[in-house]
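2 protein chains.
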Amino acid sequence: MTEDSFKITVHMVSSLDGIIAKKDNSVSWFDTADNYENGVTGENPEDFLKSIDCYVMGSRTYEHAIELSKSYGWAYGDVPTIVVSHKNIKPERTNIEVFAGDLIELVNEKLKPTYKNVWLVGGAILAQQFIRLKLANEIRLTIIPIILGSGTYFLESIGQEQALHLLDVTAYKNGMVELRYEIKNSNS
Amino acid sequence: MTEDSFKITVHMVSSLDGIIAKKDNSVSWFDTADNYENGVTGENPEDFLKSIDCYVMGSRTYEHAIELSKSYGWAYGDVPTIVVSHKNIKPERTNIEVFAGDLIELVNEKLKPTYKNVWLVGGAILAQQFIRLKLANEIRLTIIPIILGSGTYFLESIGQEQALHLLDVTAYKNGMVELRYEIKNSNS
Numbered sequence: 035m036t037e038d039s040f041k042i043t044v045h046m047v048s049s050l051d052g053i054i055a056k057k058d059n060s061v062s063w064f065d066t067a068d069n070y071e072n073g074v075t076g077e078n079p080e081d082f083l084k085s086i087d088c089y090v091m092g093s094r095t096y097e098h099a100i101e102l103s104k105s106y107g108w109a110y111g112d113v114p115t116i117v118v119s120h121k122n123i124k125p126e127r128t129n130i131e132v133f134a135g136d137l138i139e140l141v142n143e144k145l146k147p148t149y150k151n152v153w154l155v156g157g158a159i160l161a162q163q164f165i166r167l168k169l170a171n172e173i174r175l176t177i178i179p180i181i182l183g184s185g186t187y188f189l190e191s192i193g194q195e196q197a198l199h200l201l202d203v204t205a206y207k208n209g210m211v212e213l214r215y216e217i218k219n220s221n222s
Numbered sequence: 035m036t037e038d039s040f041k042i043t044v045h046m047v048s049s050l051d052g053i054i055a056k057k058d059n060s061v062s063w064f065d066t067a068d069n070y071e072n073g074v075t076g077e078n079p080e081d082f083l084k085s086i087d088c089y090v091m092g093s094r095t096y097e098h099a100i101e102l103s104k105s106y107g108w109a110y111g112d113v114p115t116i117v118v119s120h121k122n123i124k125p126e127r128t129n130i131e132v133f134a135g136d137l138i139e140l141v142n143e144k145l146k147p148t149y150k151n152v153w154l155v156g157g158a159i160l161a162q163q164f165i166r167l168k169l170a171n172e173i174r175l176t177i178i179p180i181i182l183g184s185g186t187y188f189l190e191s192i193g194q195e196q197a198l199h200l201l202d203v204t205a206y207k208n209g210m211v212e213l214r215y216e217i218k219n220s221n222s
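Quick mapping for you: the protein sequence lines, in order, are chains A and B. For the first sequence, the tail end lands on 222 under my numbering, and the numbers increase by one without skipping. For the second sequence, the tail end lands on 222 under my numbering, and the numbers increase by one without skipping.
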C-alpha cells in the first residue's frame, strides 16, 4: 500500500480491559493523570487532523459527539463526516451526511471515489462490522492506563479471527499507548 | 518500591481483543507469523526466568500446563510453583504445592516471607481476584497481533475500576507488544 492509496482506519480509545465507553457515557477517564517519563509528547493536533479527509461514525457516536460539542465544540472540524444510520437524523452541521445503505456500497460508491484517509471513530458495533467484512485496513488503538471493569467493549462480539500486522507502537508521556495494526487481507 | 522489595506480577498473554485462551485451548495462535522491523529481539530467556522465584496459578492453568508439558516439557522449570485450588490435586513434580486457603493468607503467610518476585500466570479468574483485592503490584500484558473473536477474556468480569501507571512498553520483532503497568495503591 502506498501513501496515496485509499485507507480506512478504525480508531478507538480504550481502557486496558478493552472498554471504549462507560455505562454513563462519562469521558473523564480519558484524562489520565499518569506520567510516563520515557514517553513522547503528542503530535501537533492540527497536522494530525489535516491528514484525515473523512470521518465515519454510527448514530450513537454521532449523538454523543453532538452532546459533547455543547461543552467542548464539535470534535471533527469541517472534515466531511458520514453518520451510518437508519434513524431519521437531521444533521446539525453542513459537513455531516447520513448514510442508510449497505457498508460495501458506502465504501465503494461514497468513500473510495472521493477520499484517501477515512477514519472510523465508533461505535463498537460499526467498527466490528468493518473489521468482520474486511473493509477496514488498519486499527489504531489508544490504550488509557486504567481498568474500567464494565462498559462497552471495543471487540467483544466480533466472533471471527483476524490476523494483524503490527505497524507501529507509540507510548506518550501521559501514559497512553497507541498500537497501530494492519488488518491482513482486507478487501478495500 | 525498591528492586529488593516483594512484588506480585500478573502476567498474561492475550490477543488484541483481550482473549487469553481459545475455547479449544489450542495455543498455536501464540506463534505469530508477524514481522515488526522496529521491534527488539527477546531477552535471554534464562536471565529472564532467573529473576522469578515463585509461580502462582489456578488449577485449570496447572492442568493445561501439565498437558502441554507432555509435548513441550514443563514450562516453569524448578521454580517453586503454587497451585491455588480447592480440588484434590496431586502435584506431578516436587516443586509444586497446592494451596486451598484464602488469597490474603497466601500472600502474607506463604509468599511474602519467602519470595521476592512472584509471577501469577493464570487463569483469568485468579488474576482478577488478585487485582480486585489489590494483592498484585504489576500487570505485564503481552499482546499478540491477532483478533481471536471468542474465548476467555483476561479482564472481562473484574467489575471494578483500577488506575494504572505505565511502567514500560516493549515491541518485539515478532509483532508482540509487552505493556507493563503498576497497579496503583496495591496492598501488598
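Each residue gets a CB set at the ideal place from its N, CA and C atoms; glycine is no exception.
- Please confirm if the region 177 to 188 of chain A is in contact with the region 184 to 201 of chain B, defined as three or more CB-CB distances below 8 Å between the two stretches. Verdict: yes, contact present.
- Query: When DSSP builds the beta bridges, which residues end up paired with His98 of chain A?
  - Reply: Your numbering for residue 98 of chain A matches position 64 in the first sequence. DSSP lists no partner for His98 of chain A.
- Message: What does the alpha-carbon distance come out to for the pair Asp58 of chain B and Lys121 of chain B?
- Response: Numbered from its first residue, the second sequence carries residue 58 of chain B at position 24. Numbered from its first residue, the second sequence carries residue 121 of chain B at position 87. Computed Cα separation, rounded: 22 Å.
- Message: Quick check: Tyr89 of chain B and Ala205 of chain B, are their CB atoms within less than 7 Å of each other?
- Response: The residue labelled residue 89 of chain B in the question sits at position 55 within the second sequence. The residue labelled residue 205 of chain B in the question sits at position 171 within the second sequence. Cβ distance not < 7 Å, so Tyr89 of chain B and Ala205 of chain B don't count as in contact.
- Task: Can you pull the chain B residues whose beta carbon is under 7 Å from the beta carbon of Val203 of chain A, in chain order?
- Result: In the first sequence, residue 203 of chain A corresponds to position 169, counting from 1. The CB of Val203 of chain A comes closer than 7 Å to the CB of Val203, Ala205 and Val211 in chain B, given here in chain order.
- Item | chain B within 7 Å of Glu126 of chain A, Cβ atoms only | Position 92 of the first sequence, counted from the first residue, corresponds to residue 126 of chain A. Not flagged as an interface residue toward chain B: Glu126 of chain A, since no C-beta distance is shorter than 7 Å.
- Query: What separation, rounded to the nearest whole angstrom, lies between the Cα atoms of Val141 of chain B and Leu169 of chain B?
  - Reply: In the second sequence, the residue the question calls residue 141 of chain B occupies position 107. In the second sequence, the residue the question calls residue 169 of chain B occupies position 135. The straight-line gap separating the alpha-carbon atoms of Val141 of chain B and Leu169 of chain B is approximately 8 Å.
- Item | Assigned secondary structure, Leu140 of chain B (DSSP; H/G/I helix, E/B strand, else coil) | Here residue 140 of chain B is taken as the residue at index 106 of the second sequence, counted from 1. Helix at Leu140 of chain B.
- Task: Check the Cβ of Ser184 of chain B against every Cβ in chain A and list those closer than 8 Å, keeping chain order.
- Result: Here the question's residue 184 of chain B lines up with position 150 in the second sequence. Under the 8 Å cutoff, chain A gives Gly193.
- 7 Å Cβ cutoff met for Gly156 of chain A and Thr95 of chain A: As a position in the first sequence, residue 156 of chain A is number 122, starting the count at 1. As a position in the first sequence, residue 95 of chain A is number 61, starting the count at 1. Taking a C-beta distance under 7 Å as the contact criterion, Gly156 of chain A and Thr95 of chain A qualify as a contact pair.
- Message: Spatial neighbours of Gly27 of chain A within its chain, please: C-beta separation below 7 Å, excluding the five flanking residues on both sides.
- Response: The structure shown does not extend to residue 27 of chain A, since chain A is modelled only from 35 through 222, so no value can be given for it.
- Within the 7 Å Cβ cut-off, does Asp223 of chain A reach chain B? For residue 223 of chain A there is no data in the structure shown, the boundaries of chain A being 35 and 222.
- Task: Note down the Cα distance separating Ile116 of chain A from Ile192 of chain A, rounded to an integer number of angstroms.
- Result: Here residue 116 of chain A is taken as the residue at index 82 of the first sequence, counted from 1. Here residue 192 of chain A is taken as the residue at index 158 of the first sequence, counted from 1. In this structure, the straight-line span from the alpha carbon of Ile116 of chain A to that of Ile192 of chain A is close to 23 Å.
- Message: Which residues in chain A have a C-beta closer than 7 Å to the C-beta of Leu198 of chain B? List them in chain order.
- Response: On the second sequence, position 164 is the one that residue 198 of chain B refers to. Here the neighbours are Leu50, Pro179, Ile180 and Ile181.
- Query: Which residues mark the beginning and the end of the beta strand (DSSP E) in which Leu154 of chain A is found?
  - Reply: For the purposes of this step, residue 154 of chain A is taken as the residue at position 120 of the first sequence. For Leu154 of chain A, the enclosing beta strand (DSSP E) starts and ends at Asn151 to Leu154.
- Item | Per-residue burial, Gly107 of chain B [other beta carbons within 10 Å of its own, 16 or more giving buried] | Within the second sequence, numbered from 1, the residue matching residue 107 of chain B stands at position 73. Looking at its Cβ environment, which holds fewer than 16 other Cβ atoms inside 10 Å, Gly107 of chain B is exposed.
- Query: Does the beta-carbon of Val203 of chain A have 16 or more other beta-carbons within 10 angstroms, so that it is buried, or is it exposed?
  - Reply: Numbered from its first residue, the first sequence carries residue 203 of chain A at position 169. So Val203 of chain A ends up on the buried side.
- Tell me the DSSP bridge mates of Phe133 of chain B? In the second sequence, counting from the first residue as 1, residue 133 of chain B sits at position 99. Beta-bridge pairing by DSSP links Phe133 of chain B to B:Val118.
- Message: Run through chain B and tell me which residues come within less than 7 Å of Tyr70 of chain A, C-beta to C-beta.
- Response: Locating residue 70 of chain A in the first sequence gives position 36, where the first residue counts as 1. By Cβ distance, chain B contributes Leu200.
- Query: From the beta carbon of Leu189 of chain B, is the nearest beta carbon of chain A less than 7 Å away?
  - Reply: By one-based count along the second sequence, residue 189 of chain B stands at place 155. Yes, its Cβ sits closer than 7 Å to a Cβ of chain A.
- Query: Nearest to Ala99 of chain A by CA position, among A:Gly52, A:Ser60 and A:Ala67, is which residue?
  - Reply: Numbered from 1 along the first sequence, position 65 holds the residue referred to as residue 99 of chain A. For Ala99 of chain A, the nearest C-alpha among the options comes from A:Ser60.
- Message: I need the straight-line Cα distance from Arg166 of chain B to Leu160 of chain A, nearest angstrom please.
- Response: In the second sequence, residue 166 of chain B corresponds to position 132, counting from 1. In the first sequence, residue 160 of chain A corresponds to position 126, counting from 1. Taking the CA atoms as reference points, Arg166 of chain B sits about 32 Å from Leu160 of chain A.
- Query: Got a sec: which bits of the region 135 to 150 of chain A sit with their beta carbon under 9 Å from any beta carbon on chain B, in order along the chain?
  - Reply: Within the region 135 to 150 of chain A, no residue has a Cβ that lies closer than 9 Å to any Cβ of chain B.
- Item | Terminal residues of the alpha helix (DSSP H) in which Arg127 of chain B lies | On the second sequence, position 93 is the one that residue 127 of chain B refers to. No alpha helix (DSSP H) holds Arg127 of chain B; DSSP gives it neither H nor E.
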